[in-house]
Ligand code: URA
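Numbering (the numbering used here), first residue to last: 3 to 278.
Structure follows, in structure tokens:
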């Protein structure tokens with residue numbers, strides 16, 4: 003895990019921040035949704051080796067890790083999203099941009115790769131490529147999670163998308179599933195990326211993770227991308243899912259009695275789709 007340090011979430015640890023020396027940039031669409039291997043000589047997939055992979059010293063894999071990359075672009079787009087005057091189309095593209103940056107971080111040490119050689123204009127080059135035969139299962143939690151992953155395939159070369167829809171009962175604050183497009187069974191070792199911009203009470207994301215686990219996903223292969231979270235959600239997640247990784251732009255301090263994160267973003271779905 004180069005240039006990233008994470009912190010395990012402990013229930014009593016308020017608003018931990020983590021360091022990360024990475025960089026990202028805003029620009030046009032980058033990457034491609036598929037990779038052509040025609041001009042590549044495949045040498046070895048990273049996980050085809052019989053040798054034990056080298057493990058970097060780090061936190062125990064039985065802890066939940068929370069990553070809050072301290073990046074100026076993430077802070078910038080979070081500031082735009084926080085502003086109540088940001089109109090829905092800008093709020094929506096801002097969430098997409100935050101999603102791109104956070105997916106980039108989540109993918110850092112996670113994507114299956116293989117070594118290869120390509121013939122360049124001046125010589126043969128040894129290269130490392132993302133293995134398109136092992137697409138990431140992208141699971142947006144509707145509505146707002148869809149917006150966060152809108153740009154996922156500009157970052158990830160190979161994905162399959164499986165939608166989950168939840169609606170929150172405003173009285174009980176409980177999430178009820180109304181749409182489930184997950185496959186019957188995930189392949190062994192399947193990497194699963196779940197997005198929900200607001201991890202508040204944790205009710206929705208717990209149901210989303212449980213649906214994936216019920217279909218064979220291993221918690222250690224699941225990564226969550228959110229914009230804002232808070233201690234109540236992180237406490238539940240760290241208790242229930244040792245080994246889970248959560249990527250967030252910010253950990254806010256608290257929930258109000260309507261279940262909104264404070265200061266948070268308000269209702270991210272309503273703001274993204276202009277349904278306030
Ligand atoms: N869902 C939202 O959209 N916002 C919150 O603050 C909490 C849950």
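The beta carbon of each residue, even a glycine, is placed where N, CA and C say it ideally should be. Note that this is a predicted model, so its numbers are computed, not measured.
Distance between residue j and residue i (C-alpha atoms, nearest Å)
{"i": "residue 97", "j": "residue 249", "result": "14 Å"}
{"i": "residue 73", "j": "residue 124", "result": "36 Å"}
{"i": "residue 149", "j": "residue 276", "result": "13 Å"}
{"i": "residue 205", "j": "residue 176", "result": "7 Å"}
{"i": "residue 179", "j": "residue 117", "result": "41 Å"}
{"i": "residue 71", "j": "residue 251", "result": "7 Å"}
{"i": "residue 134", "j": "residue 88", "result": "37 Å"}
{"i": "residue 132", "j": "residue 270", "result": "32 Å"}
{"i": "residue 218", "j": "residue 146", "result": "25 Å"}
{"i": "residue 213", "j": "residue 191", "result": "16 Å"}
{"i": "residue 37", "j": "residue 114", "result": "Only weak support is given to the placement of residue 37: the predicted model assigns it a pLDDT of 28, under 50, and the value that follows is read from those uncertain coordinates. Those two C-alpha atoms are separated by around 13 Å."}
Closer than 7 Å: residue i CB and nearest the ligand URA heavy atom
{"i": "residue 245", "result": "no"}
{"i": "residue 146", "result": "yes"}
{"i": "residue 266", "result": "yes"}
{"i": "residue 261", "result": "yes"}
{"i": "residue 179", "result": "no"}
{"i": "residue 252", "result": "no"}
{"i": "residue 270", "result": "yes"}
{"i": "residue 216", "result": "no"}
{"i": "residue 131", "result": "no"}
{"i": "residue 108", "result": "no"}
{"i": "residue 83", "result": "no"}
{"i": "residue 200", "result": "yes"}
Residue i classed as buried or exposed, judged by whether at least 16 other C-beta atoms fall within 10 angstroms
{"i": "residue 68", "result": "buried"}
{"i": "residue 185", "result": "exposed"}
{"i": "residue 189", "result": "exposed"}
{"i": "residue 173", "result": "exposed"}
{"i": "residue 157", "result": "buried"}
{"i": "residue 64", "result": "exposed"}
{"i": "residue 235", "result": "buried"}
{"i": "residue 79", "result": "buried"}
{"i": "residue 162", "result": "exposed"}
{"i": "residue 141", "result": "buried"}
{"i": "residue 40", "result": "Note that residue 40 has pLDDT 41, beneath the 50 cutoff, so the model's placement of it is unreliable and the number below is only indicative. Exposed: under 16 other Cβ atoms inside 10 Å."}
{"i": "residue 101", "result": "buried"}
{"i": "residue 126", "result": "exposed"}
{"i": "residue 266", "result": "buried"}
{"i": "residue 181", "result": "exposed"}
Boundaries of the beta strand (DSSP E) in which residue i is found, first to last residue
{"i": "residue 143", "result": "138 to 144"}
{"i": "residue 194", "result": "194 to 197"}
{"i": "residue 68", "result": "67 to 69"}
Terminal residues of the alpha helix (DSSP H) in which residue i lies
{"i": "residue 180", "result": "Per DSSP, residue 180 belongs to no alpha helix (DSSP H); it is in the beta strand (DSSP E), 177 to 182."}
{"i": "residue 78", "result": "74 to 84"}
Complete alpha helix (DSSP H) runs within the stretch 206 to 269 (minimum length 4 residues, chain order) = 233 to 242
ask   = Taking the runs of the beta strand (DSSP E) that are 3 residues or longer, which of them lie wholly in the stretch 98 to 168?
value = 115 to 121, 126 to 132, 138 to 144, 161 to 163
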